[in-house]
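**Student:**
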Amino acid sequence: MKKDFLWWRDGIIYQIYPRSFADSNNDGIGDLLGITGKLDYLQDLGVDAIWLSPIYPSPDVDFGYDVADYTDINPKFGTMQDFEQLVREAKKRHIHIILDLVLNHTSDQHPWFVESRKSKDNPYHDWYLWHDPKPDGSEPNNWAAVFGGSGWEFDPDLGQYYYHMFYPAQPDLNWRNPAVRQAMLDIFRFWLKKG
14 MKKDFLWWRD GIIYQIYPRS FADSNNDGIG DLLGITGKLD YLQDLGVDAI
64 WLSPIYPSPD VDFGYDVADY TDINPKFGTM QDFEQLVREA KKRHIHIILD
114 LVLNHTSDQH PWFVESRKSK DNPYHDWYLW HDPKPDGSEP NNWAAVFGGS
164 GWEFDPDLGQ YYYHMFYPAQ PDLNWRNPAV RQAMLDIFRF WLKKG
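The numbering used here numbers the first residue of the sequence shown as 14 and each following residue consecutively.
(1) How is the beta strand (DSSP E) around residue 99 delimited, first residue to last?
(2) On the CB-based measure, 16 or more other CB atoms within 10 Å of its CB, does residue 183 come out buried or exposed?
(3) Cα separation between residue 102 and residue 52?
(4) Could you round the C-beta distance between residue 31 and residue 40 to whole angstroms and report it? I think they count as a contact, below 8 Å.
(5) Could you tell me whether the segment 140-159 touches the segment 97-114, where touching means 3 or more Cβ pairs closer than 8 Å?
(6) Residue 167 to residue 151, Cα distance in whole Å?
(7) Using a Cβ distance threshold of 8 Å, determine whether the segment 200-208 contacts the segment 157-172, with at least three qualifying pairs required.
(8) CA-CA distance, residue 117 and residue 77?
(9) Go to residue 196, then tell me how far its alpha helix (DSSP H) extends in each direction, as first and last residue.
(10) How about residue 33 and residue 46: do their beta carbons lie closer than 8 Å?
(11) Assign residue 88 to buried or exposed, taking buried as 16 or more other Cβ atoms, counted over all protein chains shown, within 10 Å of its Cβ.
(12) How many whole angstroms separate the CB atoms of residue 71 and residue 120, which I take to be in contact at a CB cut-off of 8 Å?
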């Protein structure tokens, strides 16, 4: 290994989509214990890091990229204890764990968004990109979603549109709001403490 080797720059990073990688309990869904059981195999491949696609609770509109809770494990994949065991066992093999942390948007079922859409005065309202309609009631502008159609979804209860770069069930966060940035830093710290 080169003297100036940095795993995140020079290493072999193996991406794992948990639900289809290794199923430890024969329920037809891959899980964290299944990944742990394959660590020797991954070590034999020369893997320096495992990049886990989202493992957080999600309604699965977009394969877990619609996060409903950033600080827990989707029960389909196991428990927090299973994740901690994966990290411990990976460290024994000098394999790093990278989490795919979805920062652009949440699920529309995330508590922040649920609060956000309750009223324009709700403290969480500005955590997302809400905008009044044009005078004719149409979308604020012509922004399109990556998956097609308008990037704006109308909420009739609020009389406003919210922006979603992907599916309507994935409202975009407002990164201009310092509270959003602080919440994300807290989430980073939560996972960093896990190892």
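Ideal Cβ placement from N, Cα and C applies to all residues, glycine included.
Keep in mind it's a predicted model, so treat the numbers as computed, not measured.
**Tutor:** Reading off the structure:
(1) Here residue 99 refers to the residue found at position 86 of the sequence shown. No beta strand (DSSP E) contains residue 99, which is instead part of the alpha helix (DSSP H) from 93-105.
(2) Mapped onto the sequence shown, residue 183 falls at position 170. Counting the other Cβ atoms within 10 Å of the Cβ of residue 183 gives 16 or more, which makes it buried.
(3) One-based indexing of the sequence shown puts residue 102 at position 89. One-based indexing of the sequence shown puts residue 52 at position 39. Roughly 8 Å between the two C-alpha positions.
(4) Residue 31 sits at position 18 when you count from the first residue of the sequence shown. Residue 40 sits at position 27 when you count from the first residue of the sequence shown. The Cβ separation is near 13 Å, so there is no contact.
(5) no
(6) On the sequence shown, residue 167 is found 154 positions in, with the first residue counted as 1. On the sequence shown, residue 151 is found 138 positions in, with the first residue counted as 1. Their backbone Cα atoms lie some 9 Å apart in a straight line.
(7) no
(8) Counting from 1 along the sequence shown, the entry for residue 117 is found at position 104. Counting from 1 along the sequence shown, the entry for residue 77 is found at position 64. Cα to Cα, the separation comes out at about 13 Å.
(9) As a working mapping, residue 196 is identified with position 183 in the sequence shown. Counting along the chain, the alpha helix (DSSP H) containing residue 196 begins and ends at 191-205.
(10) Position 20 of the sequence shown, counted from the first residue, corresponds to residue 33. Position 33 of the sequence shown, counted from the first residue, corresponds to residue 46. The answer is no: Cβ separation not under 8 Å.
(11) The sequence position of residue 88 within the sequence shown is 75, counting from 1. Exposed, because fewer than 16 other Cβ atoms sit within 10 Å of the Cβ of residue 88.
(12) Taking the sequence shown and counting its residues from 1, one reaches residue 71 at position 58. Taking the sequence shown and counting its residues from 1, one reaches residue 120 at position 107. Contact holds; Cβ gap of about 6 Å.
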